[in-house]
Amino acid sequence: MKNLINLESITKKQIANLIELANNFRLSDGTFVQESIYPDKTVGALFFEPSTRTKLSFEIAALNLGARFIDFNCSQSSLKKGESIKDTIETISLMGVDTMIIRSKEDFFEDLTNELPNINFVNAGQGTFSHPTQALTDYMTINEFSKSPDNLDILIVGDLDHSRVANSFLELLKITGSKRIRLSGLPELCTKYKGHKEFEYYESLSEAINNVDLIMALRIQNERLENILSINHKDYVKSYQITLDNLQLAKKDFLLFHPGPVNWGIELEKDVEFLSNTKIKDQVTNGVAMRMAILSSIFSE
Ligand code: CP
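Written out as structure tokens, the structure is:
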């Protein structure tokens, strides 16, 4: 794999291979393989938007593989003096960084991959559009806990219009063949999906959650709502919060996911955290193993 920008050209077989590789990097005591396999590789992280999970899991993944990791401080760099992104990345690469992990609001991956073909690029979350490494991590977690990962009734609930996680997860589910996908959330936050041909949008959460195998709750992206609409959190909680009560309507052995960070008390009732069905912590741990698999696939190209 040269770059991982989106899931468009990835196959089901490649996804399965990445999951197998990621599982091989996990050890039975909950830690990860740590071997100096790629001491000659250097990863640079350029995060123009905040992150905890994605950035640190890539850092730990790179270090576990024996590669170096450079955390580029965008706000203290010459970007602030007007240097272009392309010139910045080229400059960093001339110092020895070969793989760039980028989180940004804008879509500049196509230009970058064309203009800088010798550098490897990984999309670590792009605006409201895509987050492919999160989708791969989530599918790895589904595979860990489900015997029939491609034959599930799946509900994605929350701020769908602003969710890059939902976009990439839906893209991945199309590749892996999941057909029964329901969407729910405040109508003003799900405008892209009302009347959609491939997915069923439900305004009523209690209808949407009925008999599902997997619930993926999404964060209300307050930072992207400014000047668009203001959400009455009390109304949202009443209609769309995932609670112990409404989870009774799902299948008995349902799985509950959330890509994080969670606004506890908004998307999820606090009491659901410690249910054995809740796999949010497993998603975080699998994020390291999956990012080790992604980096090693890129390094070994
Ligand atoms: N899920 C996710 O992308 O989390 P971070 O924003 O903390 O990286």
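When we follow the working numbering, the leftmost residue of the sequence shown carries the number 1247, and every step to the right adds one. Heads up, the beta-carbon is just placed ideally off N, CA and C, and yes, glycines get one too.
- The DSSP-derived three-state label of M1346 is strand.
- Nearest in C-alpha terms to I1455, of all of L1419, K1440 and G1404, is G1404.
- Pairing H1377 with I1402, the inter-Cα distance amounts to about 15 Å.
- When DSSP reads this structure, D1317 sits in a beta bridge with A1291.
- Between ligand 1 and the CB of Q1380, the shortest heavy atom gap is smaller than 7 Å.
- Counting only runs that start and end inside the region 1426 to 1488, the beta strand (DSSP E) elements of at least 3 residues fall at 1427 to 1430, 1446 to 1448 and 1460 to 1463.
- When secondary structure is reduced to three states using DSSP, S1376 falls in the strand class.
- In the DSSP assignment, F1503 falls within the unbroken beta strand (DSSP E) covering L1501 to F1503.
- Residues with their Cβ less than 7 Å from any non-hydrogen atom of ligand 1, running along the chain, are P1296, S1297, T1298, R1299, T1300, K1301, G1371, H1377, Q1380, V1411, P1505, G1506 and P1507.
- Excluding sequence positions up to five before and after N1413, its CB lies within less than 7 Å of the CB of F1375 and S1376, all in the same chain and listed in chain order.
- Within the same chain, and ignoring the five residues on either side of L1495 in sequence, the residues whose Cβ sits closer than 8 Å to its Cβ are S1452, I1455, N1456 and N1457.
- Excluding sequence positions up to five before and after E1515, its CB lies within less than 8 Å of the CB of Q1487, I1488, T1489 and L1490, all in the same chain and listed in chain order.
- Bridge pairing for R1272: F1278 [DSSP].
- Close CB contacts of E1281 within its chain, under the 8 Å cut and outside five residues either way in sequence, are with N1310, L1311 and G1312 (chain order).
- Between the alpha carbons of G1276 and E1513 lies a distance of about 28 Å.
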